[in-house]
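>
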Amino acid sequence: MRPHVQQALDAWHMSWGAQQHAAQEAFTAAFPALDTAVDRCQCFGPTLRWDKPGEGAGKACLDDHGRATIEFEGVSKAALGRAMSEVWGVGWFDEGPGGFADADPGNYGWEDEQTYAEYYIDVRDDGLADFTIGYVKVDDIVVVLDELEQALAAERAAA
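If you count the sequence shown from 1, position 77 lands on 58 in our numbering, and the numbers rise without skipping.
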């Protein structure tokens, strides 16, 4: 490879590394329970994980195309419902007039054919929910994480 091409490629790699680091900082600013994980997930990029008894567990990652994914398990259905309503409004997933906070147990999902984004929510019988929001822009994940953190903080304060 010619030296000037190698230089340009090296500059791109440095910039990409800085973007990945900035995405991780944005994730943890929005959802402080996230912590750097040694293992990487199927995204092949930086992975953050969290596990907080009584609030859930999960991960946030960035794939090698710059798309963000969060996968959370055992999160309060009410908190998720509050966050989802703030971000998208009620009824975006056809979950009912009260949003996910009032959704019946079951699986809900939506795939965006234009952006390849995926949204899957499993509302459980026990008042908890598992969900994946995948392959979306970093700023979209940060907004969801921030709203979820605020909803969980409100639950903490009420307990």
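Virtual Cβ for every residue (Gly too), placed ideally from N, Cα, C.
1. For Val123, does the three-state DSSP call read helix, strand or coil?
2. Do you know offhand how far Ala(-1)'s Cα is from Phe112's?
3. For a minimum of 4 consecutive residues, which ranges assigned as the alpha helix (DSSP H) are wholly contained in the region 7 to 32?
4. In the DSSP assignment, what residue or residues form a beta bridge with Asp111?
5. Starting from the C-beta of Lys33, find all residues in its chain whose C-beta is less than 8 Å away, skip the five residues before and the five after it, and write them out in chain order.
6. Give me the Cα-Cα distance between Pro27 and Thr50, rounded to the nearest whole angstrom.
7. Between Ala41 and the rest of its own chain, which residues show a CB-CB distance below 6 Å, the 5 nearest in sequence each way excluded?
Quick answer:
1. Residue numbering aside, residue 123 sits at position 142 when the sequence shown is read from its first letter. The answer is helix: DSSP assigns Val123 an H, G or I state.
2. Position 18 of the sequence shown holds residue -1. Position 131 of the sequence shown holds residue 112. Approximately 28 Å, taken between the alpha carbons.
3. Runs of the alpha helix (DSSP H) inside the region 7 to 32: none found.
4. Taking the first residue of the sequence shown as 1, we reach residue 111 at position 130. Beta-bridge analysis with DSSP links Asp111 to Asp103.
5. In the sequence shown, the residue the question calls residue 33 occupies position 52. Taking Lys33 as the centre and dropping the five residues before and after it, the same chain places the C-beta of Ala14 closer than 8 Å to its C-beta, in chain order.
6. One-based indexing of the sequence shown puts residue 27 at position 46. One-based indexing of the sequence shown puts residue 50 at position 69. The straight-line gap from Cα to Cα measures roughly 11 Å.
7. The residue labelled residue 41 in the question sits at position 60 within the sequence shown. Cβ within range, chain order: Phe8, Leu15, Leu29, Ile51.
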